[in-house]
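First up is the structure itself, then whatever we jot down about it.
Residue numbers (this note's numbering), protein chains in the order written: chain A, 1 to 316; chain B, 1 to 242.
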């Protein structure tokens, strides 16, 4: 597939925002059960929610660049019964609203009421639903075999939460250092777990056997069928949308870049950042991981081999 | 229930692209507005087509066959492009099974194109709406056209009658009979979307010639020519006069 940067920014930004929200909630729950001293000021949660909201908003803006007719975007909530994209379109603004109310509750000091915990629980449910919707948009297209696996959902969840907790580590080092001892190790654990599942999907995809072949695409049952002409000499939507247009070597480079930037560099930087309590190092860890995730998402699209490409092999 | 479809006869398609150009001509003149064409006379022409003719070579030289292969929307009975559409712009008509796009509802997210294994949907890069074969829905019910012209433009244009049009659910329709009698098949049946368009396979054109059709036992010519160096026998005039 041709990687669309609008979707790359959308999925990576909201993943980090969802992870950050879950990190804030984690701290709040741990404070409630007494695992963490109640030291962090209200503004910590309010500001955290604001950062999450900015990322979610950035994602929303990025997603509009994917649409040919953004003025009709409101229509896309219609088919939630069948379309995961439609479900995401509903759940994403709903989550933004809940994060906004969550931040507001902390800002004005409503956070000690039972209603607040209902809000938190609702926020977590919607947050997890959003991960499922985003993952299922890709995993439900069964003939894009690289995507059609539960690993897609697991990776979206773990990569999002890993980057969110890395961001939370940097944020806490600056705003609530007593939480660093929770966020930084969790970020490392999530990053390593994501490394495991992302590697699993890389291994799976490397061994995939395409179900569609030139024989099933044309119905000609001969072992040797080659295309002599795709029917036109210029490009078309079919030759642009479904090909990444890069060399295999370029793809391999991107793979190693994302493996290093998303997993190795943040693990090292967060460890050192935890030891030295350096907000700058942890901020750098998030920046590296986010850059890595952009490469990861680019690779995720580029690696998916659409069966329609069987029909567009040769110009003439 | 009706399911309109095309049946493409690969045995007689000569790859002339008449269906491609007539499709473009009809659909670029339609109610929905022109189909985009960018740099039509430049070095990198690009534009929307609902129908393409591709060419494949089968076999190893010198035993090869050239197969011309028209491809347009297959109007699946269970179309994977329809449920993914977030707005309902992509839909399948219950009355005749045609898969259509309501252009006014389309947001141009291209998700339906991702969800089609055959790549038959093309975004109109000027209108930013998804477009596809309509099975000439604006011809086949068009009462301003004479009844014999109420067929898809590609079917009308085909000089070798390689394109049949009809209801695949009617067992006695031209398309059903052709599919049944000549081994019509679906493209990429592995995805279970039940494409209603079918393809008729190539057939070997062989004439069985028996030896006696080339060498007739009672060939009079054969008997007029004396074998070299031998004595002629039979009914030549010489035999009588000798």
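By construction, the Cβ of each residue, glycine as well, lies at the ideal position given by its N, Cα and C atoms.
Check, Outcome
"Report the neighbours of residue 211 of chain A on chain B: residues whose CB is nearer than 7 Å to its CB, in chain order.", "190"
"May I ask you to list the residues that DSSP assigns as paired with residue 70 of chain B?", "B:53"
"Does the beta carbon of residue 226 of chain A sit closer than 8 Å to a beta carbon anywhere in chain B?", "yes"
"The beta strand (DSSP E) with residue 4 of chain B in it runs from where to where?", "4-9"
"For residue 160 of chain B and residue 169 of chain B, I'd like the C-alpha separation in whole angstroms.", "25 Å"
"Suppose you measure from the CA of residue 97 of chain B to the CA of residue 240 of chain A; what does that come to, to the nearest Å?", "29 Å"
"What would DSSP say about residue 123 of chain B, mapped onto helix, strand or coil?", "strand"
"Roughly how many angstroms separate the alpha carbons of residue 155 of chain A and residue 132 of chain A, rounded to a whole number?", "11 Å"
"Taking DSSP as the reference, what is the three-state secondary structure of residue 241 of chain B?", "Any reading at residue 241 of chain B must be qualified, since the residue scores a pLDDT of 42, below 50, and its modelled position is unreliable; the value itself is stated next. Here residue 241 of chain B sits in helix by DSSP."
"Nearest to residue 125 of chain A by CA position, among A:10, A:268, A:315, A:22, is which residue?", "A:22"
"Residue 89 of chain A CB to nearest chain B CB: under 8 Å?", "yes"
"Any C-beta of chain A within less than 8 Å: which residues of the region 48-71 of chain B qualify?", "48, 49, 52, 53, 54, 55, 56, 57, 58, 59, 60, 66, 67, 69, 71"
"Can you name the start and end residues of the alpha helix (DSSP H) that residue 138 of chain A belongs to?", "114-139"
"For the region 84-115 of chain B, list every residue whose C-beta sits within 7 Å of some C-beta in chain A, in sequence order.", "84, 85, 86, 87, 88, 105, 106, 107, 108, 109, 110, 111, 113, 114, 115"
"Just mark residue 69 of chain A as buried or exposed, buried being the case when its beta carbon has 16 or more other beta carbons within 10 Å.", "buried"
"In angstroms, rounded to a whole number, what distance separates the CA positions of residue 54 of chain B and residue 253 of chain A?", "34 Å"
"Check whether the Cβ atoms of residue 132 of chain B and residue 140 of chain B lie closer than 8 Å to each other.", "no"
"Is the number of C-beta pairs between the region 295-307 of chain A and the region 2-21 of chain B that are closer than 8 Å three or more?", "no"
"If we ignore side chains and look at the alpha-carbon of each, how far apart do residue 58 of chain B and residue 225 of chain A end up?", "5 Å"
"What number of angstroms, rounded off, separates the C-alpha of residue 106 of chain A from the C-alpha of residue 44 of chain B?", "57 Å"
"Is any beta-carbon of chain A found at less than 8 Å from that of residue 205 of chain B?", "no"
"Using a Cβ-Cβ distance cut-off of 8 Å, determine whether residue 79 of chain B contacts chain A.", "no"
"Using DSSP with H/G/I as helix, E/B as strand and the rest coil, what is residue 190 of chain B?", "helix"
"Closer than 8 Å, CB to CB, is residue 82 of chain A near chain B or not?", "yes"
"For residue 83 of chain B, which residues in the same chain have their Cβ closer than 7 Å to its Cβ, ignoring the five residues on either side in sequence?", "none"
"If you count every other CB in all the chains shown that lies within 10 Å of the CB of residue 24 of chain B, and 16 or more means buried, which is it?", "buried"
"I want to see whether chain A comes within less than 8 Å of residue 75 of chain B, judged by CB atoms only; does it?", "no"
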